[in-house]
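Following: one structure in structure tokens, then a few remarks.
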Amino acid sequence: MDMIGQFLTMVRNAGDARHEKVDLPASKMRAGIAQILVEEGYIRSFKIAKDSKQGIMRVYLKYDEQGNHAISNVRRVSTPGRRVYVQSDEIPVIRSGLGVSVLSTSKGVMSGKNATENKLGGELLCTIW
């Protein structure tokens with residue numbers, strides 16, 4: 046099961062349906078990706094609530110003045126069947142810097158811009174714009 050792909054699909058579908066928020070199972074990887082989306086301005090915020098299992102993550106979506114979802118496109122790059130690894134000098138620039146690439150590095154989940162600054166490579170999880 047692709048938990049990152051499921052997370053991205055749920056956020057994209059909730060945005061297309063104009064929902065205010067979306068609830069999904071929590072994990073450290075999903076929390077790291079959500080933190081990057083908050084820092085880059087693609088979602089408003091997120092919260093993690095503990096329950097008897099793994100916890101619930103509530104993601105609050107962001108829209109522009111016309112009511113369009115802040116995320117135009119999401120592309121899952123590295124999948125469970127085909128992992129894609131990049132070095133720090135090979136990290137792609139998305140939409141001339143208007144998008145963001147998300148990497149899983151040895152220092153945790155970070156944006157492509159932060160990974161390049163820290164000279165870290167890793168698994169290229171997804172691209173968002």
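With our numbering as the guide, the letters of the sequence shown map in order to residues 46 to 174. For glycine and all other residues, C-beta sits at the position ideal for the given N, C-alpha and C.
Is residue i helix, strand or coil by DSSP?
| i | result |
| --- | --- |
| Lys66 | strand |
| Gly157 | helix |
| Leu53 | helix |
| Gly167 | strand |
Can you give the Cα-Cα distance for residue i and residue j, rounded to whole angstroms?
| i | j | result |
| --- | --- | --- |
| Leu69 | Gly153 | 21 angstroms |
| Lys73 | Trp174 | 22 angstroms |
| Asn58 | Asn163 | 33 angstroms |
| Gly86 | Ala62 | 19 angstroms |
| Ile88 | Ile139 | 18 angstroms |
| Asn113 | Tyr105 | 14 angstroms |
| Lys95 | Gly77 | 17 angstroms |
| Ile116 | Ser97 | 32 angstroms |
| Val67 | Thr54 | 11 angstroms |
| Gln80 | Glu110 | 23 angstroms |
| Ile93 | Ser146 | 23 angstroms |
| Thr124 | Met46 | 10 angstroms |
| Val56 | Phe91 | 12 angstroms |
| Gly157 | Val129 | 14 angstroms |
Out of the options, which has the shortest C-alpha to C-alpha gap to residue i?
| i | options | result |
| --- | --- | --- |
| Phe52 | Lys158, Ala71 and Arg140 | Ala71 |
| Ser133 | Met155, Ser141 and His114 | Met155 |
| Asn118 | Thr172, Met46, Gly50 and Asp47 | Thr172 |
| Lys107 | Ser146, Gly60 and Val122 | Gly60 |
| Arg127 | Lys95, Lys66 and Glu168 | Glu168 |
| Val131 | Gly166, Asp109 and Ala115 | Gly166 |
| Gly144 | Glu110, Ile93, Gln99 and Glu84 | Glu84 |
Leaving out five residues before and five after residue i in sequence, what residues of the same chain have Cβ atoms less than 8 angstroms from its Cβ?
| i | result |
| --- | --- |
| Arg75 | Met48, Ile49, Phe52, Leu69 and Met102 |
| Ala160 | Ser133, Ile136, Leu148, Thr150, Gly166 and Gly167 |
Closer than 7 angstroms by C-beta to residue i: which residues in its own chain qualify, once you throw out the five before and the five after it? Chain order, please.
| i | result |
| --- | --- |
| Pro120 | The question names Pro, yet the displayed sequence has Arg at residue 120. Result list for Arg120: Cys171 and Thr172, in chain order. |
Can you find the residues in the same chain that come closer than 6 angstroms, C-beta to C-beta, to residue i, ignoring five residues on each side of it along the sequence?
| i | result |
| --- | --- |
| Leu82 | Ile88 |
Item to check | Any alpha helix (DSSP H) of 4 or more consecutive residues that is wholly inside the stretch 72-154 | outcome: 73-85
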